[in-house]
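Each remark here refers to the structure printed beneath this line.
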Amino acid sequence: MSVLAAGVSKQGMAAQGHGSHHEAVRYLGQDFETLRRQCLDSGLLFEDPEFPACPSALGYEDLGPHSPQTRGIVWKRPPELCASPQFIVGGATRTDICQGDLGDCWLLAALASLTLNEELLYRVVPRDQDFQQDYAGIFHFQFWRYGQWVDVIVDDRLPTKNGELLFLRSGTGGEFWGALLEKAYAKLRGSYEALTGGSTVEGLKDLTGGICEFYDLRKPPAGLFQIIRKALRAGCLLACSIDVSGAAEVEAETTTCQKLVKSHAYSVTGVEEVDFRGRPEKLVRLRNPWGEVEWTGAWSDSAPEWNLIDPRQKEELDKRAEDGEFWMSFSDFLRQFSRLEICSLSPDSLSSDQLHKWNLVLFNCHWTQGSTCLSFLRC
Numbered sequence: 001m002s003v004l005a006a007g008v009s010k011q012g013m014a015a016q017g018h019g020s021h022h023e024a025v026r027y028l029g030q031d032f033e034t035l036r037r038q039c040l041d042s043g044l045l046f047e048d049p050e051f052p053a054c055p056s057a058l059g060y061e062d063l064g065p066h067s068p069q070t071r072g073i074v075w076k077r078p079p080e081l082c083a084s085p086q087f088i089v090g091g092a093t094r095t096d097i098c099q100g101d102l103g104d105c106w107l108l109a110a111l112a113s114l115t116l117n118e119e120l121l122y123r124v125v126p127r128d129q130d131f132q133q134d135y136a137g138i139f140h141f142q143f144w145r146y147g148q149w150v151d152v153i154v155d156d157r158l159p160t161k162n163g164e165l166l167f168l169r170s171g172t173g174g175e176f177w178g179a180l181l182e183k184a185y186a187k188l189r190g191s192y193e194a195l196t197g198g199s200t201v202e203g204l205k206d207l208t209g210g211i212c213e214f215y216d217l218r219k220p221p222a223g224l225f226q227i228i229r230k231a232l233r234a235g236c237l238l239a240c241s242i243d244v245s246g247a248a249e250v251e252a253e254t255t256t257c258q259k260l261v262k263s264h265a266y267s268v269t270g271v272e273e274v275d276f277r278g279r280p281e282k283l284v285r286l287r288n289p290w291g292e293v294e295w296t297g298a299w300s301d302s303a304p305e306w307n308l309i310d311p312r313q314k315e316e317l318d319k320r321a322e323d324g325e326f327w328m329s330f331s332d333f334l335r336q337f338s339r340l341e342i343c344s345l346s347p348d349s350l351s352s353d354q355l356h357k358w359n360l361v362l363f364n365c366h367w368t369q370g371s372t373c374l375s376f377l378r379c
């Protein structure tokens, strides 16, 4: 097919909805319903030939075949790990996301934010799958990739050590949608190790197809608290992090004296304004994807500030649990954190109530061998 014909064909499929959420592109040509039906008819559980349960799926260096970190890993299906595995229990929540032995906090922070928007979550996590009805060891998830939604299939063999999941796990146990989604994203990227280190905004984009923007918290714009509140109300996804001064701090995963982890992604999950000693106090709620290690400063769990506000607000907001989620004052948030990332699900401006209409233009291009993209890119 000529380049021009291929471009026209692709535009035609896009016009018919190909690559949309309702007609996602089948990644590597694999069709979920067809493969599941084949497994059910044969009575065999699915084993994915495109992303097999073997060392190459784990990684290439730190998680490579001869790495000490991969010794003792056994691939197991959820029914081998617990008596009654569940895909989702009582709705997917941010407490389902607990980081394992993989440096993908940037992805998990984005995923925890995704759970705040149920409609958006079920774009990524299709409802037509569980461990009870028509279970065949096959699951699928959808991600935004190069301007279109792709449907990624995986089998449910997960890496374990000593009978425990090695990577992402649920805080309650027995719930596996998060671990399976992490595996599907690893397949899309080539391996689990390919998820080590990344930008939260990248995860937000791949989970939503949204439009992302950065805020430098060392030079915050006026009205940032209102921008965050409006973004959360609009269903946007938010994350933040603390910059480090050098590579040594990145390797050391430095923690401040008040238990904030540098070079680590946190989800922003809420804001609130309370009456504190006769004046309004702005608060921000954050979550560490580790599911533990929380801020210990003002407004942290059990901090004395909670005793000086309305008891009803205290009961509603002060949830004392080591779940990685905590409150802090907005002023401390600006002092402690370096950057804020907001992924908008619509093109409306977050800094104004005025509606702005945007246009989307998609260019389908290709590389020409022996030429630079700047001078010979054909669209």
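With full-length UniProt numbering, letter number 196 in the sequence shown gets 196, and the count goes up by one each step, no holes. Using N, Cα and C, we set each Cβ at its ideal position, and we do this for glycine too.
{"Query": "Please give the ranges of any alpha helix (DSSP H) in the segment 88 to 128, keeping only runs that are unbroken, at least 4 residues long and fully inside the region.", "Result": "105 to 114 and 118 to 124"}
{"Query": "Just checking my contact of residue 72 with residue 161 at CB under 8 Å: how many whole Å lie between their CB atoms?", "Result": "5 Å"}
{"Query": "Compare the beta carbon distance of residue 234 and residue 345 with 9 Å and say whether it is the shorter of the two.", "Result": "yes"}
{"Query": "Is it a yes or a no for the segment 108 to 115 touching the segment 201 to 214, going by three-plus beta-carbon pairs under 8 Å?", "Result": "yes"}
{"Query": "Do you know how far the Cα of residue 302 is from the Cα of residue 124?", "Result": "36 Å"}
{"Query": "What does a CB cutoff of less than 6 Å around residue 271 pick up in its chain, not counting 5 residues either side in sequence?", "Result": "228, 229 and 284"}
{"Query": "First and last residue of the alpha helix (DSSP H) that includes residue 333?", "Result": "330 to 336"}
{"Query": "If you count every other CB in all the chains shown that lies within 10 Å of the CB of residue 155, and 16 or more means buried, which is it?", "Result": "buried"}
{"Query": "Start and end of the beta strand (DSSP E) containing residue 215?", "Result": "211 to 216"}
{"Query": "Taking the alpha carbon of residue 153 as the point to measure from, which residue in 300, 312, 27 and 281 has its own alpha carbon closest?", "Result": "27"}
{"Query": "Touch check for the segment 298 to 317 and the segment 82 to 92: three-plus C-beta pairs under 8 Å?", "Result": "no"}
{"Query": "Go ahead and label residue 240 buried or exposed: buried means 16 or more other beta carbons lie within 10 angstroms of its beta carbon, across all protein chains shown.", "Result": "buried"}
{"Query": "Decide if the segment 71 to 88 is in contact with the segment 122 to 140; the criterion is three or more beta carbon pairs, one per stretch, under 8 Å apart.", "Result": "yes"}
{"Query": "Is the CB-CB distance between residue 101 and residue 170 below 9 Å?", "Result": "no"}
{"Query": "Between residue 149 and residue 25, how many whole angstroms is the CB-CB distance? I'm expecting something under 8 Å.", "Result": "7 Å"}
{"Query": "Please state the DSSP three-state secondary structure of residue 172.", "Result": "coil"}
{"Query": "Please determine if the segment 184 to 201 and the segment 51 to 60 are in contact, where contact requires at least 3 C-beta pairs separated by less than 8 Å.", "Result": "yes"}
{"Query": "Relative to the alpha-carbon of residue 297, which residue among 256, 105, 78 and 77 has its alpha-carbon at the smallest distance?", "Result": "256"}
{"Query": "Between the alpha carbons of residue 36 and residue 139, how many angstroms are there, rounded?", "Result": "9 Å"}
{"Query": "Please classify residue 192: does DSSP put it in a helix, a strand, or coil?", "Result": "coil"}
{"Query": "Among 196, 141 and 197, whose alpha-carbon lies nearest the alpha-carbon of residue 22?", "Result": "141"}
{"Query": "Going by C-alpha distance, which of 172, 237 and 254 is nearest residue 243?", "Result": "254"}
{"Query": "Which value, in whole angstroms, describes the spacing of the CA atoms of residue 187 and residue 48?", "Result": "10 Å"}
{"Query": "Return the bridge partner residues of residue 340 from the DSSP annotation.", "Result": "215 and 240"}
{"Query": "Can you tell me where the alpha helix (DSSP H) holding residue 35 begins and where it ends?", "Result": "32 to 42"}
{"Query": "Report the three-state DSSP secondary structure of residue 67 (helix, strand or coil).", "Result": "coil"}
{"Query": "When you compare the CB positions of residue 185 and residue 340, do they come within less than 9 Å of one another, or not?", "Result": "no"}
{"Query": "Could you please give me the residues that DSSP links to residue 287 through a beta bridge?", "Result": "267 and 325"}
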